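What follows is a set of notes on a single structure, which appears directly below.
Chains as they are written, first to last, in this note's numbering: chain V, 1491 to 1778; chain Y, 184 to 580.
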């Protein structure tokens, strides 16, 4: 039970980040390797609110959400749209966007190092225990999980029960057909990309409440998000959430029962198994 | 956060003290410094290494410069290099300091791995190397091989023995059970310490009920703490690095492990002021590696000067030793000048008056040093040392 809850709490935070990537990759078709740096930016914003301003770090949401949205929208408009226009097919866009965002991630890490230096950052926020089923968990983690439920739930309802959400899903299934039914694919893709970035930055804010971070930690979470999105099925929020929880529980299980050094290996084994036996992902439709 | 360093993080910056500028035609003494400003160990260097370089050079220049045997003073100019926590960068920077920058002296790098990588280069270039943050059991072999390499902060086994012997004493007095949870970061430092400690703990009759290592990049330490709790230990010992020292302590408090065990120990960063600032009174009684005598007047004066010049507190372990190593260099130069062989010879054969007390090098090593300490009322007190330091405190519950 304890393993399950610890795993779910961890998986919840993974889910936020993965849902961000899912929006960017599933809808806007950009495999964004600089997503982890958005997360680090969110974490730094929360750190600044918590230490320099001595405020609840969740106040940083007021800055992180619009800031992440605008920054990612600009990135899409100026850096990625030329690639989208030039790309003859999806494969070429993927290769181009991977290269471009890979470079972007190095640039952002360099900027963070320049501004904040290379040391570790952490602050104390709600690190008091709360009892669930006879075990104690940090309140900051439980709150982080609640945030994850809120964000993923809101996105799921929006995607599945509104017209604009429907447009996003339509693009994720087939951008060409979507444009035939009067959906502005370019505008909506930019919106999805920006939204994904804002979600990832929020994930960084949430993570920073209990994790010690530094300027170059982003890549770790980019890779986790990548594994989760592929596992869950591209462009499917539900899949990303389930895969995130599976990954969180697996990591905790391995750390508890086998060895904490093998969590990363376990994540990749899981990834390999999915690729071997269900390459379209847990919830993905097979592409015939 | 060291914002005033912002502009210095990239490339080379020369720190010329204000007096260096007014000293007209006098040639400054050029002193190189190589340590991380970025990368995994930048956080540690920002506490222990760079502030001491700043403090020492400021004090020397405020006094009119570094005293030479002819009675004249020349200002010092510090040439800083960021090695990005990468030993190959460290080596390149040391070579550049010697060959391109014509450094008169070089302050050794920060971190065991980087120091060990640079030792052969210091030897080949003939520079004296007064290591501080280099902890290894190879000190005897290294000082045999390299004539100008010195060690000041200690060796692995005695440091691991510090906590183990303290725990054994407490067990003998009936204050502590024998169930031990032992974890370490899977890095040269953590592995070597855990190995050395394990032998001592086993010899002293401790029963290791939980033992694991974890990668330096670990994100969630709650499985480790939960597993340790399930094993119902009487003492929890972690040979950890800065990020996980914080994470393990926080998670232990959340899960209640710190109440369950009678002895809670973490390693690097435990003696950092940031640790106290983060956890406040809740870490009263927590044990850690290293130590100082925080009420020693020399240390108090050093601490006040450190805060005044750098705007931050020194740590409670390596900071004062780092400063002492610079004092040794200063005193040697005052006697024999800047000739490297003469400095090496002088350091080997003389006693130095430092913030850590009188220092005598035996086989190029300081043999009396702090090994284990404890947070008591907001200060970190040394409890144990290899040969009995002045002011060893008694542990509290």
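We put the CB at the ideal spot given by N, CA and C, even for glycine.
Small disclaimer: the values here were computed from a predicted structure and weren't measured.
| query | result |
| --- | --- |
| Unbroken alpha helix (DSSP H) run spanning residue 1580 (chain V), endpoints | 1580-1606 |
| Per-residue DSSP class, three states only, for residue 1654 (chain V) | helix |
| Alpha carbon of residue 1663 (chain V) to alpha carbon of residue 1565 (chain V), nearest angstrom | 24 Å |
| Rounded C-alpha distance that separates residue 383 (chain Y) from residue 347 (chain Y) | 6 Å |
| Unbroken alpha helix (DSSP H) run spanning residue 1738 (chain V), endpoints | 1727-1747 |
| Distance, residue 1547 (chain V) Cα to residue 1616 (chain V) Cα | 10 Å |
| Residue 1707 (chain V): first and last residue of the uninterrupted alpha helix (DSSP H) it sits in | Element bounds for residue 1707 (chain V): n/a, residue is neither H nor E. |
| Whole-angstrom C-beta distance between residue 377 (chain Y) and residue 367 (chain Y), which should lie under 8 Å | 4 Å |
| Same chain only: Cβ atoms within 6 Å of residue 223 (chain Y), ignoring 5 sequence neighbours per side | 268 |
| Residue 461 (chain Y): contacting residues in chain V (beta-carbon distance under 8 Å) | 1612, 1613, 1614 |
| One or two residues paired with residue 535 (chain Y) in a DSSP bridge | Y:542 |
| Cα-Cα separation between residue 1582 (chain V) and residue 371 (chain Y), rounded to whole angstroms | 43 Å |
| Contact check, residue 349 (chain Y) vs residue 516 (chain Y), beta carbons under 8 Å | no |
| Minimum C-alpha distance to residue 1759 (chain V) - residue among V:1741, V:1772, V:1559 | V:1741 |
| Close beta carbons around residue 444 (chain Y), own chain, < 7 Å, minus the five adjacent residues each side | 416, 417, 418, 419 |
| Partners in chain Y for residue 1755 (chain V), counting only beta-carbon separations shorter than 7 Å | What residue 1755 (chain V) touches in chain Y: nothing, since even the nearest Cβ is about 10 Å away. |
| Per-residue burial, residue 484 (chain Y) [other beta carbons within 10 Å of its own, 16 or more giving buried] | exposed |
| 7 Å CB neighbourhood of residue 562 (chain Y) in its chain, flanking five on each side removed | 477 |
| Own chain partners of residue 1693 (chain V) with C-beta closer than 6 Å, once the 5 adjacent residues on each side are dropped | 1506, 1507, 1529 |
| Under 8 Å between C-beta atoms of residue 320 (chain Y) and residue 339 (chain Y) | yes |
| Residues sharing a beta bridge with residue 314 (chain Y), DSSP | Y:334 |
| Residues that residue 1619 (chain V) contacts on chain Y, provided the C-beta gap is smaller than 9 Å | 436, 437, 438, 439 |
| Residue 567 (chain Y) - DSSP class collapsed to helix/strand/coil | strand |
| Cα-Cα separation between residue 344 (chain Y) and residue 554 (chain Y), rounded to whole angstroms | 8 Å |
| Beta-bridge partners of residue 601 (chain Y), as assigned by DSSP | The structure shown does not extend to residue 601 (chain Y), since chain Y is modelled only from 184 through 580, so no value can be given for it. |
| Residues bridged to residue 1780 (chain V) [DSSP beta-bridge criterion] | With chain V represented from 1491 up to 1778, any question about residue 1780 (chain V) goes unanswered, as that position is not in the structure. |
| Closer than 8 Å to chain V by CB, residue 210 (chain Y) | no |
| Length of the line joining the Cα atoms of residue 564 (chain Y) and residue 1596 (chain V) | 43 Å |
| Neighbouring residues, chain Y, relative to residue 1701 (chain V) (Cβ below 7 Å) | 402 |
| Three-pair Cβ contact test at 8 Å for the stretch 281-290 of chain Y versus the stretch 211-231 of chain Y | yes |
| Beta-carbon spacing of residue 232 (chain Y), residue 505 (chain Y) below 8 Å | yes |
| Contact under 8 Å by Cβ, residue 1509 (chain V) with residue 1691 (chain V) | no |
| Identified DSSP bridge partners for residue 472 (chain Y) | Y:555 |
| Euclidean distance between Cα positions of residue 1706 (chain V) and residue 487 (chain Y) | 34 Å |
| Cβ of residue 1628 (chain V) within 8 Å of any chain Y Cβ | yes |
| Inter-residue spacing [alpha-carbon to alpha-carbon] between residue 387 (chain Y) and residue 1539 (chain V) | 48 Å |
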